[in-house]
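K.L.:
Numbering (our numbering), first residue to last: 344 to 473.
The beta-carbon is built from N, C-alpha and C at its ideal position, and this holds for glycine as well.
These figures come from a predicted structure and were not determined experimentally.
Questions regarding the structure given below will be posed in turn.
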Amino acid sequence: MLAQTLAQSDSSSGAGIGFAVVLWLVLLAIYVVAMWKLFTKMGQPGWVGIIPLLNAYGIYKLAGRDWWWVILLLIPCINIVAAWFLASDTAKLFGKELGWTIVLFFFPGIGHIILAFGDSQYVGPNEQVI
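Structure (structure tokens):
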């Protein structure tokens, strides 16, 4: 009886883990496509949006900030301030205000997906980053 109960719990937890992995991969794929689309909306190569730190560099560059802001993202505690400016710069590039900065800071995945697939238009400067 105990062996049967353990066998059932193992198979159900394995299915749960499998579902979680598949769900995570689907959400990751949606986010990658959203970042690609977001950068193409900004007139940049889409592949820049899917490379970590290079996408931050691209947004900082379009907002007129120097390259060393990306370094600040790697320093504990200071990275919070740098991430706030990254969210703020992203919001401003799309003509959004403080509410969007808050969304992009606390929920970047959701905010980027909405900006990418929604009707938001890029209004910032249009210089080539890469």
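Inspect the beta-carbon positions of L405 and M378 and report whether they are closer than 8 Å.
P.N.:
no
K.L.:
Once DSSP output is grouped into helix, strand and coil, what is the label at A406?
P.N.:
Coil.
K.L.:
Take A372 as the anchor and find which of G452, V466, V424, D409 has the nearest alpha-carbon.
P.N.:
G452
K.L.:
Take A358 and list the residues in its own chain whose beta-carbon comes closer than 7 Å to its own, dropping the five residues that flank it on each side.
P.N.:
Closer than 7 Å at the Cβ level, and outside the excluded window around A358, lies no residue.
K.L.:
Taking only three categories from DSSP, how would you classify L370?
P.N.:
In the structure shown, L370 sits in a helix (DSSP, three-state: H, G or I).
K.L.:
Below 8 Å between beta carbons: does that hold for S431 and T444?
P.N.:
yes
K.L.:
For the putative contact between V391 and F437, defined by C-beta atoms under 8 Å, what is the C-beta separation to the nearest angstrom?
P.N.:
Actually they are not in contact, since the Cβ atoms of V391 and F437 sit about 16 Å apart, beyond 8 Å.
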